[in-house]
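Heads up: the structure comes next, in structure tokens.
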Amino acid sequence: MNHPLIFTVPLSYEAHENAERCVESIKNPDKLKQVYLNSLAVYSVNYYLQLMGLETEIEKSYSQDPIAVQLSNIADLSLKNIGKVECCPVLPDENKFNITADVSENRLAYIAVQFTESLKQGTILGYVENPLATVEINQLQTLEDLLLYLSTLEIEAKSESKLGKWLEGIVEEGWQRVEELFTPQQLGLAFMNEVSVIRGQELDLGIQLNQVSVALVTKVTQLTNTEEKEMSEADILMQVRPISVLNLPSELMLQIKDSSGEIVLETSSREGDNWIQLAFSAEYGESFQVLVSYEDAVITKNFVI
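Here this note's numbering runs 2 ahead of the position in the sequence shown, where the first position is 1.
Written as structure tokens, this is what we have:
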């Protein structure tokens, strides 16, 4: 009989010392226990994912903020460029755990860590992506699936388009000049700016669009020095436009996700729309995702300024 892969992490002096630091100002015994176990769960998942070659950024996690852990039941771990996972402690002999409202969204995965009675070991059991309020241990997906899932997201993130480099004249393969995709009449005045770099890329949303070709048009503008905005920022305009016809289909969606995976901007097309767009500013070094979706088809593009 095959058994699912699990992984046991030794909870060293370092792990407990860090947990002690997290709870040193907490007086309520129930809250102290919660934060202590959360800290050990984060340590365990961080240890395992790093050992498996994934890049984590524990210092950017809210679970390391003494104020945040007192205000919320939170045990997040940041993964470089792709978002956050939640590390869920499970006590010995328990066969389920709860997902609180604090962390029920904007997580790539919820990873279960079961402790021994002595708290000297934490066993990583598996994960879920979209949990209900209570998760049964026998509902968990395997660690093999977790590694494949997170590794795929990491590879996709590393293929991101570097918009800051666009301003230096370096544009990745696959992006076309907009005049190669559209006529000047189609583009209008929105893209006429001499300090901007503009590129477009045709998107394949499959047969759902009934042969309507669409493109993602990206405009990045370097900001000039003013009292309000320094050169550390750029203005971004994202548009989705039809290529072969005048109008987009209704309910085509354009979304922007920040580096933690949270949707920060979104819009969708209405009947008769010639395009949809989102405009925002971002700092140099900041990464984000653009999602274009129609019915069940979704295309994700990764960017960094």
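For glycine and all other residues, C-beta sits at the position ideal for the given N, C-alpha and C.
What residue ranges within the region 237–304 form continuous beta strand (DSSP E) runs of no fewer than 3 residues, ordered along the chain? Those beta strand (DSSP E) runs which fall completely within the region 237–304 and span 3+ residues are 255–259, 265–270, 278–285 and 289–296.
Those residues which DSSP pairs with Ala174 across a bridge: Taking the first residue of the sequence shown as position 1, residue 174 is located at position 172. The question names Ala, but residue 174 is Glu in the sequence shown. Listed as beta-bridge partners of Glu174 by DSSP are no residues whatsoever.
Simplified DSSP state of Asn75, which is helix, strand or coil: Here residue 75 refers to the residue found at position 73 when the sequence shown is read from its first residue. It is coil, neither helix nor strand.
Option in Lys122, Phe99 and Leu239 with minimal Cα separation from Ala2: No information on residue 2 is available, as it lies outside the stretch 3 to 307 that the chain covers here.
Helix, strand or coil for Asn227? Go by DSSP, reduced to three states. Taking the first residue of the sequence shown as 1, we reach residue 227 at position 225. Legend: pLDDT at Asn227 = 48, less than 50; position of this residue unreliable, value from coordinates given subsequently. In the structure shown, Asn227 adopts coil according to DSSP, grouped into three states.
Own chain, CB closer than 7 Å to Ile245, minus 5 neighbours either side, in chain order: As a position in the sequence shown, residue 245 is number 243, starting the count at 1. Cβ within range, chain order: Leu183, Glu204, Ser215, Val216 and Ala217.
So Ser262 and Gly85 are supposed to be a Cβ contact under 8 Å. How far apart are they, rounded? As a first step, residue 262 is located in the sequence shown; it is residue number 260 there, counting from the start. As a first step, residue 85 is located in the sequence shown; it is residue number 83 there, counting from the start. At roughly 5 Å, the Cβ-Cβ gap stays under 8 Å, so Ser262 and Gly85 are in contact.
Under a Cβ-count criterion, where at least 16 other Cβ atoms within 10 Å of its own Cβ denotes burial, should Gln52 be classed as buried or exposed? Taking the sequence shown and counting its residues from 1, the one referred to as residue 52 is at position 50. So Gln52 ends up on the exposed side.
Whole-angstrom distance between Lys164 and Ile69, CA atom to CA atom: Numbered from its first residue, the sequence shown carries residue 69 at position 67. Numbered from its first residue, the sequence shown carries residue 164 at position 162. Near 34 Å, if we compare the C-alpha coordinates of Lys164 and Ile69.
So Ser46 packs on Val71, CB below 8 Å; how close in whole Å? The residue labelled residue 46 in the question sits at position 44 within the sequence shown. The residue labelled residue 71 in the question sits at position 69 within the sequence shown. The Cβ separation is near 16 Å, so there is no contact.
Residue span of the beta strand (DSSP E) that contains Pro12, given as start and end: Here residue 12 corresponds to residue number 10 of the sequence shown, with the count starting at 1. For Pro12, the uninterrupted beta strand (DSSP E) segment begins and ends at Phe9 to Pro12.
Within 10 angstroms of the Cβ of Ser161, are there 16 or more other Cβ atoms? Answer buried if so, exposed if not. Here residue 161 refers to the residue found at position 159 when the sequence shown is read from its first residue. Around the CB of Ser161, fewer than 16 other CB atoms lie within 10 Å, so the residue is classed as exposed.
If you count every other CB in all the chains shown that lies within 10 Å of the CB of Ile278, and 16 or more means buried, which is it? Locating residue 278 in the sequence shown gives position 276, where the first residue counts as 1. Classification for Ile278: buried.
For Gln178, collect the residues of the same chain with a Cβ closer than 6 Å to its Cβ; drop the 5 residues on either side in sequence, then sort them by chain order. Reading the sequence shown from its first residue, position 176 is the one you call residue 178. Short of 6 Å from the beta carbon of Gln178, and not among the five residues preceding or following it, lie these beta carbons of its own chain, in chain order: Gly202.
Taking just the CA atoms, how far does Ala43 sit from Ala21? Within the sequence shown, numbered from 1, the residue matching residue 21 stands at position 19. Within the sequence shown, numbered from 1, the residue matching residue 43 stands at position 41. Annotation: Ala21 to Ala43 spans about 10 Å, alpha carbon to alpha carbon.
Return the first residue and the last residue of the beta strand (DSSP E) that Gln203 is part of. Within the sequence shown, numbered from 1, the residue matching residue 203 stands at position 201. Here the beta strand (DSSP E) through Gln203 covers Ser198 to Leu205.
Cβ separation of Tyr286 and Gly166, assumed to be a contact under 8 Å, to the nearest whole Å: Within the sequence shown, the letter at position 284 stands for residue 286. Within the sequence shown, the letter at position 164 stands for residue 166. The pair is a contact, with the Cβ atoms about 5 Å apart (cut-off 8 Å).
Find the nearest neighbour of Arg276 within the set Ala103, Val92, Arg243 and Asp32, judged by alpha-carbon distance. Locating residue 276 in the sequence shown gives position 274, counting from the first residue. The sequence given here has Asn at residue 276, not Arg. For Asn276, the nearest C-alpha among the options comes from Arg243.
Ile28 to Gln36 span [Cα, whole Å]: Residue numbering aside, residue 28 sits at position 26 when the sequence shown is read from its first letter. Residue numbering aside, residue 36 sits at position 34 when the sequence shown is read from its first letter. Approximately 11 Å, taken between the alpha carbons.
Sequence-distant residues of its chain with Cβ nearer than 6 Å to Thr228 (five each side left out): In the sequence shown, counting from the first residue as 1, residue 228 sits at position 226. Because Thr228 carries a pLDDT of 45, less than 50, the predicted location of this residue cannot be relied on, and no value is offered for it.
Along the chain, where does the alpha helix (DSSP H) containing Gly166 start, and where does it finish? The sequence position of residue 166 within the sequence shown is 164, counting from 1. Per DSSP, Gly166 belongs to the alpha helix (DSSP H) from Leu165 to Trp168.
Starting from Lys108 and walking both ways along the beta strand (DSSP E), at which residues does that stretch end? Start at 1 with the first residue of the sequence shown, and residue 108 comes out as number 106. Note that residue 108 is Asn in the sequence shown, not Lys. Neither: Asn108 is in no beta strand (DSSP E) and is coded neither H nor E.
Suppose the cutoff is 8 Å on Cβ atoms and the five residues either side in sequence are ignored; what does the same chain contact list for Asn4 look like? Taking the sequence shown and counting its residues from 1, the one referred to as residue 4 is at position 2. Bear in mind that the predicted position of Asn4 carries a pLDDT of just 45, short of 50, making it unreliable; the figure below should be weighed with that in mind. The answer is none, since no qualifying residue turns up.
Spatial distance of Ala111 from Glu235 (CA atoms): The residue you call residue 111 lines up with position 109 of the sequence shown. The residue you call residue 235 lines up with position 233 of the sequence shown. Roughly 31 Å between the two C-alpha positions.
C-alpha distance - Tyr129 paired with Gln143, whole-angstrom precision: Indexing the sequence shown from 1 puts residue 129 at position 127. Indexing the sequence shown from 1 puts residue 143 at position 141. Distance between Tyr129 and Gln143, taken at the CA atoms: about 5 Å.
Please state whether the Cβ-Cβ distance between Asp104 and Glu88 is less than 7 Å. Taking the sequence shown and counting its residues from 1, the one referred to as residue 104 is at position 102. Taking the sequence shown and counting its residues from 1, the one referred to as residue 88 is at position 86. No, these two residues do not count as a Cβ contact at 7 Å.
Suppose the cutoff is 7 Å on Cβ atoms and the five residues either side in sequence are ignored; what does the same chain contact list for Asp260 look like? Within the sequence shown, numbered from 1, the residue matching residue 260 stands at position 258. Cβ neighbours of Asp260 beyond the five flanking positions: Val266 and Phe290.
As assigned by DSSP and simplified to three states, the class of Glu96: As a first step, residue 96 is located in the sequence shown; it is residue number 94 there, counting from the start. Three-state result, Glu96: coil.
Would Thr220 and Asp237 qualify as a contact pair, given that the criterion is a beta-carbon distance under 7 Å? What you label residue 220 is simply residue 218 of the sequence shown in a count that begins at 1. What you label residue 237 is simply residue 235 of the sequence shown in a count that begins at 1. Against a cut-off of 7 Å, the Cβ pair of Asp237 and Thr220 comes out as no contact.
Just to confirm before moving on: does the CB-CB distance between Ser252 and Ser271 stay below 7 Å? Stepping through the sequence shown from its first residue, residue 252 is reached at position 250. Stepping through the sequence shown from its first residue, residue 271 is reached at position 269. For Ser252 and Ser271, yes; Cβs fall inside 7 Å.
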